[in-house]
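**Q** If you count by the numbering used here, then the sequence shown holds residues 6 to 383, one letter each, in order.
Let me begin by handing over the structure; questions about it come next.
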Amino acid sequence: MAHDKSDHTNRTGTDGRTVDRRTYLAAAGAAGLTATAGCIGPLGGSGGGGPLNIIVWNDYTEVQDQLEEEVGRTINMTAMTSSTKMFSKWNAGGADQFDMALPNNNLVNKFYQADLLQSISTDAIGNWGDMYEKFRNLSNQQFQYDGSMYGVPIRFGWYGISYDKEQVPESGRQTTETLWNDEYEGKIAVYDNHFKALGMAALHLGFHDAFEGETVSLSDSQLEECKQALIDQKPLLFGYLAGNPSWVKAYKQENVYAGWSGRNEIVQLQQDGVSRAGTTVAEEGGLAWYEAAIISQQSENKEAVQDLINAMLDPEIGAQLAEAGGAPTTVPGIEEHLTEEQQNMFMVDPSRMESLIPFKPMEDEQAWISAWEEVKDA
6 MAHDKSDHTN
16 RTGTDGRTVD
26 RRTYLAAAGA
36 AGLTATAGCI
46 GPLGGSGGGG
56 PLNIIVWNDY
66 TEVQDQLEEE
76 VGRTINMTAM
86 TSSTKMFSKW
96 NAGGADQFDM
106 ALPNNNLVNK
116 FYQADLLQSI
126 STDAIGNWGD
136 MYEKFRNLSN
146 QQFQYDGSMY
156 GVPIRFGWYG
166 ISYDKEQVPE
176 SGRQTTETLW
186 NDEYEGKIAV
196 YDNHFKALGM
206 AALHLGFHDA
216 FEGETVSLSD
226 SQLEECKQAL
236 IDQKPLLFGY
246 LAGNPSWVKA
256 YKQENVYAGW
266 SGRNEIVQLQ
276 QDGVSRAGTT
286 VAEEGGLAWY
296 EAAIISQQSE
306 NKEAVQDLIN
316 AMLDPEIGAQ
326 LAEAGGAPTT
336 VPGIEEHLTE
346 EQQNMFMVDP
356 SRMESLIPFK
366 PMEDEQAWIS
376 AWEEVKDA
């Protein structure tokens with residue numbers, strides 16, 4: 006989501022996340038991977054067996070060998086830490102150097118509007134039909150233009166309820182009501198981000214209509230109600246937390262019992278042995294990001310890239326991607342290749358899948374930013 010996901014890329018509000026989740030989760034192993042895992046040059050040939058040049062998140066490099074084996078090609082991976090950086094690279098003339106990229110869902114339209122994409126044939130992707138119906142539907146809503154598809158969801162995550170299992174009972178783990186419950190006064194935290202915080206308030210207040218269009222659109226009165234709900238919540242807060250490490254520290258030190266956070270922070274806690282940390286998609290809904298595979302308009306390797314996308318959706322490789330990045334893929338079956346502990350960390354209750362609401366641009370982001378500043382100043 007932040008990562009700056011104020012860069013909503015940084016799965017936040019506009020483009021998404023905060024301290025980049027992958028930078029945080031894979032920092033140690035990614036140090037040498039922020040450049041390239043192979044030599045990149047202008048795309049060439051007619052796809053006759055040459056290398057594929059792709060932009061990925063850091064942790065994809067951990068499954069590079071398996072992907073190369075699946076598609077029978079050398080894959081040169083350039084690792085980046087935000088969707089906006091991916092867009093800037095392509096938009097500045099770099100699109101002729103790459104076949105594929107994996108930005109967050111809310112950035113795909115920006116690539117499309119800049120005429121940087123070519124369409125994808127879902128008929129050529131055998132695992133498309135096995136994808137969770139939720140993500141096929143989201144693809145039709147967010148990635149289809151003039152009857153053609155321009156993106157395929159690969160991995161996903163969400164912002165929702167996080168909790169300390171020793172402090173919050175089962176009933177309190179399911180609803181945003183917990184985040185306004187004075188029983189947890191001083192032990193509640195919220196992401197320090199206008200989209201995530203006001204989006205949480207909008208779901209809490211039942212403003213689901215605001216999320217139904219191509220943009221997230223709160224009326225003036227709805228935005229005012231969201232702002233007031235957050236102001237009313239402030240006396241209950243431990244604080245607004247700006248990034249993943251802050252969340253991990255707060256839960257480890259037992260400063261927070263409940264919060265509105267990303268699932269990756271909780272996965273990190275569980276991987277660190279803090280088994281009392283948990284997360285769920287709230288009954289009211291969760292704000293979801295997902296990575297979308299896109300093909301460069303300049304690529305002459307479309308068929309091979311579609312084979313690569315299909316390989317990424319293979320359940321066995323999907324399990325490896327989940328292990329590498331702490332996020333499940335959009336095709337069921339990866340759980341068969343994960344331990345029970347990993348399943349508990351990475352998977353989502355299928356019954357809550359329909360409650361996921363994808364990140365989208367805000368219709369009037371400045372109004373959201375102003376409202377958020379008023380909340381923090383109150």
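Glycine included, every Cβ here is placed at the ideal spot set by N, Cα and C.
Since this is a predicted model, take the numbers as computed values, not measurements.
1. Under DSSP, the beta strand (DSSP E) around Gly162 begins and ends at which residues?
2. Tell me the start and end of each unbroken alpha helix (DSSP H) in the segment 229 to 258 that is at least 4 residues and wholly inside, in chain order.
3. Out of Ala84, Glu229, Asp135, Arg160, point me to the one whose CA is closest to Val380's CA.
4. So, for Gly191: in the same chain, excluding its five sequence neighbours on each side, which residues have a beta-carbon less than 8 Å away from its beta-carbon?
5. Under 8 Å between the Cβ atoms of Ile299 and Leu143?
6. Over what stretch of residues does the beta strand (DSSP E) that includes Val293 continue unbroken?
7. Would you decide whether Gly218 is buried or exposed? Buried here means 16 or more other CB atoms lie within 10 Å of its CB.
8. Tell me, to the nearest whole angstrom, how far the beta carbon of Met205 is from that of Thr181; I am working on the premise that it is less than 8 Å.
9. Just the C-alpha distance for Thr284 and Tyr164, rounded to the nearest angstrom, thanks.
10. Taking buried to mean at least 16 other C-beta atoms within 10 Å of its own C-beta, is His213 buried or exposed?
11. Mark Pro333 as exposed unless 16 or more other C-beta atoms lie within 10 angstroms of its C-beta, in which case mark it buried.
12. Take Arg178 and list the residues in its own chain whose beta-carbon comes closer than 7 Å to its own, dropping the five residues that flank it on each side.
13. Rounded to whole angstroms, what is the Cα-Cα separation between Val61 and Gly278?
14. When we look at the beta-carbon of Thr139 and count the other beta-carbons within 10 Å, is it buried (16 or more) or exposed?
15. Verify whether the separation of the beta carbon atoms of Gln302 and Asp151 is less than 8 Å.
16. Which of the three DSSP states is assigned to Thr127 in this structure?
17. For Lys239 and Ser375, I'd like the C-alpha separation in whole angstroms.
18. Assuming Gly311 and Ile130 form a contact by the criterion Cβ under 8 Å, report the distance between their Cβ atoms to the nearest whole angstrom.
19. Mark Lys170 as exposed unless 16 or more other C-beta atoms lie within 10 angstroms of its C-beta, in which case mark it buried.
20. So, does the segment 87 to 102 touch the segment 352 to 359, judging by three or more C-beta pairs under 8 Å?
21. Report the CB separation of Thr79 from Glu73 in whole angstroms; it is logged as a contact under 8 Å.
22. Quick check on Glu328: buried or exposed, where buried means 16 or more other Cβ atoms within 10 Å of its Cβ?
23. Alpha carbons only, please: which of Leu326, Ala215, Tyr196, Ile271 is nearest the one belonging to Gln69?
24. Of the choices Pro337, Asn249, Phe200, Gln348, whose alpha-carbon is the least far from that of Gly134?
**A** So, from the listed chains and residues:
1. Numbered from its first residue, the sequence shown carries residue 162 at position 157. Segment 157 to 169, the beta strand (DSSP E) holding Gly162.
2. 249 to 257
3. Position 375 of the sequence shown, counting from 1, holds the residue named residue 380. If we check each option's Cα against that of Val380, Glu229 comes out closest.
4. Along the sequence shown, read from residue 1 onward, the residue named residue 191 stands at position 186. Taken in chain order, the residues that qualify are Leu241, Leu242, Phe243.
5. Taking the sequence shown and counting its residues from 1, the one referred to as residue 299 is at position 294. Taking the sequence shown and counting its residues from 1, the one referred to as residue 143 is at position 138. Not a contact, by the Cβ cut-off of 8 Å.
6. Position 288 of the sequence shown, counting from 1, holds the residue named residue 293. For clarity, residue 293 is Ala in the given sequence; the question names Val instead. Note, Ala293: beta strand (DSSP E), 291 to 301.
7. Walking along the sequence shown from the start, residue 218 turns up at place 213. Exposed, because fewer than 16 other Cβ atoms sit within 10 Å of the Cβ of Gly218.
8. Position 200 of the sequence shown, counted from the first residue, corresponds to residue 205. Position 176 of the sequence shown, counted from the first residue, corresponds to residue 181. Indeed they touch by this definition, with Cβ atoms about 7 Å apart.
9. Position 279 of the sequence shown holds residue 284. Position 159 of the sequence shown holds residue 164. Cα to Cα, Thr284 sits roughly 9 Å from Tyr164.
10. Residue numbering aside, residue 213 sits at position 208 when the sequence shown is read from its first letter. When all chains shown are included, His213 counts as exposed.
11. Position 328 of the sequence shown, counting from 1, holds the residue named residue 333. Answer is buried; the Cβ neighbour count reaches 16.
12. By 1-based counting over the sequence shown, the position of residue 178 is 173. Counting only Cβ-Cβ distances below 7 Å, and skipping sequence neighbours, we find Ile166, Tyr168, Gly283, Thr285.
13. As a first step, residue 61 is located in the sequence shown; it is residue number 56 there, counting from the start. As a first step, residue 278 is located in the sequence shown; it is residue number 273 there, counting from the start. If I take the Cα positions, the gap works out to 28 Å.
14. The residue labelled residue 139 in the question sits at position 134 within the sequence shown. The amino acid at residue 139 is misidentified as Thr; the sequence shows Lys. Buried: at least 16 other Cβ atoms inside 10 Å.
15. What you label residue 302 is simply residue 297 of the sequence shown in a count that begins at 1. What you label residue 151 is simply residue 146 of the sequence shown in a count that begins at 1. Contact flag unset, no.
16. What you label residue 127 is simply residue 122 of the sequence shown in a count that begins at 1. In the structure shown, Thr127 sits in a helix (DSSP, three-state: H, G or I).
17. Numbered from its first residue, the sequence shown carries residue 239 at position 234. Numbered from its first residue, the sequence shown carries residue 375 at position 370. When rounded, the distance between both Cα atoms is 17 Å.
18. Position 306 of the sequence shown, counted from the first residue, corresponds to residue 311. Position 125 of the sequence shown, counted from the first residue, corresponds to residue 130. Inspection of the sequence shows that residue 311 is occupied by Gln rather than by Gly. Indeed they touch by this definition, with Cβ atoms about 6 Å apart.
19. Your numbering for residue 170 matches position 165 in the sequence shown. Flag for Lys170 reads exposed.
20. no
21. One-based indexing of the sequence shown puts residue 79 at position 74. One-based indexing of the sequence shown puts residue 73 at position 68. Yes, they are in contact, since the Cβ atoms of Thr79 and Glu73 sit about 6 Å apart, within 8 Å.
22. One-based indexing of the sequence shown puts residue 328 at position 323. Buried, by the Cβ-count rule.
23. For the purposes of this step, residue 69 is identified with residue 64 of the sequence shown, where counting begins at 1. Per the Cα distances, Leu326.
24. For the purposes of this step, residue 134 is taken as residue 129 along the sequence shown, with counting starting at 1. Gly134 has its Cα closest to that of Pro337, out of Pro337, Asn249, Phe200, Gln348.
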